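When the letters of the sequence shown are read in order and numbered with our numbering, they come out as residues 258 to 633. Built from N, CA and C at the ideal position, the CB exists for glycine as well. These figures come from a predicted structure and were not determined experimentally.
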Amino acid sequence: MENLLIRFVFDRKKQASETKKALLQIEVRRLNSSKRVFISTGIRLYKNQFSDKNGFTCKNHDSSLLINGKARQIFRQIEAFTLSDKCRSIEDVKNWDKDESAMYSVVEFMKAQLKKINPGWATFAHHSTLIRQIERFGKIRTFADVTYSNIVDFDFFLRENGIKENSTLNKRHSIFRRYIKRAVYMELCRKDPYTEFKMPSKKGKNPTFLEEYEINLILEYVPLNDKLQHVKDLFVFQIFTGLAFVDLMNFSGDYVSELDGMKVIRSARIKTEESYISLFLPEAEKIAEKYGYQLPRLSNQKYNDYLKLLATGAGIRKNITSHQARHTFATYLLNRDIPIETVSKAMGHSNIKMTQHYAKLLGKKVVSDMSRLLKS
């Protein structure tokens, strides 16, 4: 229907105060006529939480992003209805589609919830990546779009856009499902489609590591340029410290101290905030001194790209990555009969089960137990 004006109206009865909430409505009025319809948004705010900026903006509220998203979504839904064939008179506006799940933006809800929980750096990165992927996917805009069919398509989208590991896919879906279950609890979403969707397995491939001869190939390799030399030095430093990439990029002389007359690396992992301590092995110390304890900086993606060139140049057929250096450090220590509890502390693992995974890779416990049996 043409000739209709739509606007937000707050506190029509003039009752709002700093302690009393009032209703935010949407007014639909016919041009050059006194006929109008007021539609409730279901949003109630205190006086200091309302602003008429851009028609309506919520302020001074913990969930302002969610409220703004909801209000504008309702506004757009009503506007679309007034322009459709279903709206033949102003009275018809009262019968616009009141499917609540179609009023809430999934992305805005996720952003608001993420801001509310105030997560650590690593959690924030995982959740933000998921939100960007949902935005790129484009089929899940409101909670009305959260269907089994769209979840299946989203899984295919993730696989087609570079996520091949089932463990990573499982993590993406698990995070998304937590948001959906929260939305169902808050009655913003009708149902959880993941009850019917088969989640990718959590179990990923066994982590690979470099064996002794491969470490030596890296050490003996002479890179062709400075950039590749920097990458080699960083990788060797990781092999002999076990630092994850983000901790490697933040390494400084502050990480190093003395204990019982020996140099140690002592800090806490940025990803998990778990503390760790390890002997500052000579191979790593030599590299730190080379750069004045200010290691070269580059992105994780560029680092892994250059590591492929490093592997080729050194004659290693494995596809080495930044995290593989960390695996190598763990197996390097276990191969030298360092107790698994000590390796766990050096790695900054939150529990020993994580470290035991490396021991399984080596079959070390089986060999150790059988050798003791034979000796006896």
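Euclidean distance between Cα positions of residue i and residue j
i    : j    : result
Y242 : G570 : Residue 242 lies beyond the range of the chain shown here (258 to 633); nothing can be said about it.
F366 : L322 : 8 Å
L555 : Y548 : 15 Å
Y361 : Q370 : 13 Å
R501 : A401 : Note that residue 501 is Ala in the sequence shown here, rather than Arg. A501 and A401: Cα-Cα distance of roughly 40 Å.
F338 : K351 : 10 Å
L552 : L505 : 8 Å
I595 : K368 : 45 Å
R593 : V409 : 47 Å
S308 : F265 : 11 Å
I527 : I388 : 22 Å
H383 : Y512 : 26 Å
N418 : C446 : 27 Å
R287 : L281 : 20 Å
D517 : I534 : 13 Å
D626 : L591 : Caution applies to D626, whose pLDDT of 49 falls short of 50 and renders its modelled position unreliable; the model cannot decide the point.
I296 : F433 : 32 Å
I522 : S509 : 10 Å
Q581 : G299 : 53 Å
Y451 : E284 : 38 Å
L340 : K448 : 30 Å
L302 : N507 : 44 Å
E444 : E531 : 37 Å
I347 : R269 : 20 Å
D412 : S406 : 10 Å
R441 : V403 : In the sequence under discussion, the amino acid at residue 441 is Val, which differs from the Arg named in the question. So the alpha carbons of these two residues sit roughly 11 Å apart.
Reduced DSSP secondary structure (H/G/I, E/B, other) of residue i
i    : result
G299 : strand
Q495 : helix
F508 : coil
A568 : helix
F634 : For residue 634 there is no data in the structure shown, the boundaries of the chain being 258 and 633.
L425 : Per the sequence presented here, residue 425 reads as Thr, with Leu not at that position. In this structure, T425 counts as helix in the three-state DSSP scheme.
F267 : strand
L262 : strand
S274 : coil
E546 : helix
A440 : helix
R398 : coil
L280 : strand
F307 : strand
M627 : With a pLDDT of 48 at M627, under the threshold of 50, the modelled position of that residue is not reliable, and no figure is offered here.
E469 : helix
V409 : helix
E336 : helix
R593 : coil
T588 : helix
S458 : coil
V479 : coil
T578 : coil
L516 : strand
S321 : helix
K622 : Any reading at K622 needs caution, since the residue's pLDDT is 46, under 50, leaving its predicted position unreliable; the model's value is listed next. K622 falls in the helix class under three-state DSSP.
T314 : strand
S362 : strand
P450 : helix
D342 : coil
N555 : The residue asked about is misnamed: residue 555 is Leu in this sequence, not Asn. Coil.
A501 : coil
W353 : coil
I573 : coil
L698 : Any answer about residue 698 is impossible in this case: the structure gives the chain only from 258 up to 633.
Residue(s) in a DSSP beta bridge with residue i
i    : result
I534 : R523
I294 : In the sequence under discussion, the amino acid at residue 294 is Val, which differs from the Ile named in the question. Paired residues: V285.
Contact with chain B by residue i, beta-carbon distance below 8 Å
i    : result
F537 : Within the model displayed, chain B is absent; a lone protein chain is all it includes.
- Message: For the structure I just gave you, are there three or more beta carbon pairs, one from the stretch 300–315 and one from the stretch 323–334, closer than 8 Å?
- Response: yes
- Query: Looking at C-beta atoms only, is the number of pairs between the stretch 559–574 and the stretch 482–494 that lie closer than 8 Å three or more?
  - Reply: As far as the Cβ criterion goes, the stretch 559–574 touches the stretch 482–494, which means the pair count is three or higher.
- Are the stretch 468–478 and the stretch 384–398 touching by the rule of at least three beta carbon pairs closer than 8 Å? Three or more beta-carbon pairs separated by less than 8 Å are not found between the stretch 468–478 and the stretch 384–398, which leaves the two stretches without contact.
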